[in-house]
Structure formats: structure tokens, C-alpha cells
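S.K.: For the sequence shown, counting from 1, position 146 maps to 146 in the UniProt record's numbering; every step adds exactly one. The beta-carbon is built from N, C-alpha and C at its ideal position, and this holds for glycine as well. Quick caveat, the model's predicted, so the values are computed rather than measured.
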Amino acid sequence: MKVLGISFGRKMKCGDIMVKEALFQAKAAGAEVEFINTINMEIGHCKACGACSTKRDRGGEVACILKDDYEKLEEAVLNADGIIIAAPVYAVGIVGQFKNFVDRFCPAHDRAALLEEQKKRVEAGKTGEELLDARYFKDRYVGYISVGGASTQNWVSMGLPMLNLFGFSCHMKVVGQIDAYDQGRRANPVFDSHLMEQCQNLGRAIAQSVGKPYDEVEWIGEEGICPVCHCNQLSISPSRSAIVECPVCGISGNLELKDNKIEVKFSEEQINRARWTINGLYEHYHEIQGMIKICVPKLQEHKDTLPKMLEKYEKFDEFINQ
């Protein structure tokens, strides 16, 4: 059992300290631990070239063709059973380096797409190294720590929702999360015994969850409005009356106001189609496959006229100055 701690913040600052505190408890619970600070790692943004998924769908391995430190972090995640991530909030949401990694890692490791590709290879009689890496299909357990200096929570309100982007595509089970804002006044997290205890509980829970069926993993931390991600964001559409949606998990519920308190009731059907579930991943997989079936014939139909239609955009500087 291996628990990986990742800090996307400055070395020996809040994120580092809180992740390491969690790792101490994970080790005490029997885990092998590893810690990575990414601050000096070069993780460039996704170029949307599609090489990773194209290679996968043509019988190869999943591999990003950009050459930087991404692969080192990718390998560490694939080798881990449990993961604890801390990332700072600079402008309401999580630091960009984290998003760079998510954009390159998650779509390439989408569990539904990988399962379908593996089925094709098995049906074709492929074995051994011809099959996809077995690590792609391993269940993992994750915990998030959003780190912010602001004393008002709404200045870090997108921290935990953005951190949740990491686990969706890979079908990871979130065990708990910590909204560690107000670090500016705390000066150092070690001065806050309650916060450090939260980190200890998170590390212990991650280690103790490894190997359990997902539906037997107990959530630790504060309960949110959404019963899946435990975040408090809601999307409201005036045309849908009292139906609201968790923008993090993508599930719909009915909003009620009781004694000036907001309650949202989510059905089991909706909970079972949350983004991180296999149902939710396959829902998105089939959506993409349906788009491809419509898009490709449309491009073929207009293959002779499309270049002319795009000419003024291709030669924008020339056309705009006419």
C-alpha cells in the first residue's frame, strides 16, 4: 500500500506542511509514503494534439508527447494507492500548474474509455504487453486540501471544487477534504492544532480506506450540500423552477427552503450518475462517441467547401487589413 502526497505550493509552506502531517499518519497506519513538491517542476499546458488518446485507440500505450516533468508526476500517481493533494488558491481557484496536470492526465486516463479499449484488445486476442497497463484500472483513494490566505471563505470558494477535477476521470474515491483558508492570519498551520488534527485524520483515513469497496468508504470532514463531493456550489436555472445542479458532480436535485435553511434532495438515481462514478463516466463516454458519429460525417460532407469557408480566418491578418 502506497500513499502519495503532492504539494503544488511553495516548499516548506502551508501545503507542504499539511500534506506531510497527513503522510505521517498514513505511515503510522501501515502505508509506504512518498512526497512530491511540484513548484520547480515544468508541467506545461495541454496542446490539445490528441496524441495520447489516438495512440491508445490505435493499440499503443497512453503517452503524452510533450517532454517535461509531467511524466514523473504521472508515474507517481499511477504507482499510488492513495493520494493526498494540497494546492494553493491564488485567485479564487486553484493554482494553474495543478490544472495543467489535470488537463493532460485525466482525459488520457478516462476509466470508461480505457475499459472499452481494453475490451477491444481482449476480444482481439491480445495478451501481456499488448494490453493496457493494469495500473490504469486500479482503484484509488484521494483527499484534497485547498490552501488559501484569505480570511473570508468566498475568496477561496473554487478551491475544493477545482481540486475535485483530479479524481473524476480516473474513477477515484474521495475520502475527505479540507478547506484550509485563513492561512494569512494563522501565520503557520502548526500553530492551529485543530487544522493539524484534520490533516492527521485525512492521512489516516486515506491509508485505512485503501482496498475497501468504494461504497464502504466513510467520508471524513464537513458535510456539504452535495452528498457526493460535499461542496456547496449550486447551479440554478430560472427555467427549471426548484431543480438545481451540483456543478462539480453534475447531478440534479430539488431545492427546498425550510426555516430559512436551504436543503437539496438528490435521488439515488442522480447520486449514482455523478461524474466520478462508472455510470457517470460512461454517460460522458457515450456522449463523446455520439458527437464523433455526427461530427465526422459532417466534415466529410463539407470537405470541399470548408477550406474556402475558413480562408478568412486562416489569413485573418490579411483579410482584416483589406
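Quick check: what's the CA-CA separation for PHE98 versus VAL147?
M.R.: Reading the sequence shown from its first residue, position 98 is the one you call residue 98. Reading the sequence shown from its first residue, position 147 is the one you call residue 147. Cα to Cα, the separation comes out at about 13 Å.
S.K.: How big is the Cα-Cα spacing for GLN153 and ASP182?
M.R.: By one-based count along the sequence shown, residue 153 stands at place 153. By one-based count along the sequence shown, residue 182 stands at place 182. One C-alpha to the other measures close to 8 Å.
S.K.: Roughly how many whole angstroms lie between the Cα atoms of ALA205 and VAL19?
M.R.: To locate residue 205, count along the sequence shown from 1; it is residue 205. To locate residue 19, count along the sequence shown from 1; it is residue 19. Distance between the alpha carbons of ALA205 and VAL19 is about 13 Å.
S.K.: Quick test of the definition: if touching needs 3 or more C-beta pairs under 8 Å, does the stretch 134-142 touch the stretch 80-98?
M.R.: yes
S.K.: Going by alpha carbons, who is nearest to MET41 out of PHE8, PHE35, PHE24 and ARG56?
M.R.: As a first step, residue 41 must be located in the sequence shown, where it is residue number 41. MET41 has its Cα closest to that of PHE8, out of PHE8, PHE35, PHE24 and ARG56.
S.K.: Given a cut-off of 9 Å on the beta-carbon distance, is the pair GLN208 and SER157 in contact?
M.R.: Looking up residue 208 in the sequence shown gives position 208. Looking up residue 157 in the sequence shown gives position 157. Between GLN208 and SER157, the C-beta gap is not smaller than 9 Å, which leaves the two residues out of contact.
S.K.: Which partner residues does PHE35 have in the DSSP bridge list?
M.R.: Residue numbering aside, residue 35 sits at position 35 when the sequence shown is read from its first letter. Beta-bridge pairing links PHE35 to GLY5.
S.K.: Going by alpha carbons, who is nearest to ARG111 out of GLU311, ILE294, TYR285 and MET309?
M.R.: Your numbering for residue 111 matches position 111 in the sequence shown. When only C-alpha atoms are compared, the closest one is TYR285.
S.K.: For LEU255, which of helix, strand or coil comes out of DSSP?
M.R.: The residue given as residue 255 occupies position 255 in the sequence shown. Note: LEU255 maps to strand in three-state DSSP.
S.K.: Is the stretch 49-62 touching the stretch 168-182, taking contact as three or more C-beta pairs under 8 Å?
M.R.: At 8 Å Cβ cutoff, the stretches do not touch.
S.K.: Quick check: the stretch 102-111 against the stretch 60-70, are there 3 or more CB pairs under 8 Å?
M.R.: yes
S.K.: Spell out the partners DSSP gives SER146 in its beta bridges.
M.R.: In the sequence shown, residue 146 corresponds to position 146, counting from 1. Its beta-bridge partners are ALA87 and ASP179.
S.K.: Assuming GLY143 contacts LEU195 under a Cβ cut-off of 8 Å, what Cβ separation, rounded to an integer in Å, is found between them?
M.R.: The count along the sequence shown starts at 1 and reaches residue 143 at position 143. The count along the sequence shown starts at 1 and reaches residue 195 at position 195. That belief does not hold up - the Cβ atoms of GLY143 and LEU195 are roughly 14 Å apart, past 8 Å.
S.K.: So, under 8 Å CB-CB, GLY44 and ASN100 are touching, yes? Tell me the CB distance rounded to an integer number of Å.
M.R.: Sequence index remark: in the sequence shown, residue 44 carries index 44 (1-based). Sequence index remark: in the sequence shown, residue 100 carries index 100 (1-based). Between ASN100 and GLY44 the Cβ distance is about 6 Å, and since that is below 8 Å, they are a contact.
S.K.: Say yes only if the C-beta of ARG111 is nearer than 8 Å to one or more non-hydrogen atoms of the ligand ZN, and no if none qualify.
M.R.: The ligand ZN is absent from the structure shown, which contains no ligand whatsoever.
S.K.: Considering only their Cβ atoms, is the gap separating ILE236 from VAL244 smaller than 9 Å?
M.R.: Looking up residue 244 in the sequence shown gives position 244. Looking up residue 236 in the sequence shown gives position 236. The answer is yes: Cβ separation under 9 Å.
S.K.: Note down, in chain order, each residue of its chain lying with its Cβ closer than 7 Å to the Cβ of MET162, except the 5 sequence neighbours on either side.
M.R.: In the sequence shown, counting from the first residue as 1, residue 162 sits at position 162. GLY93 and ILE94.
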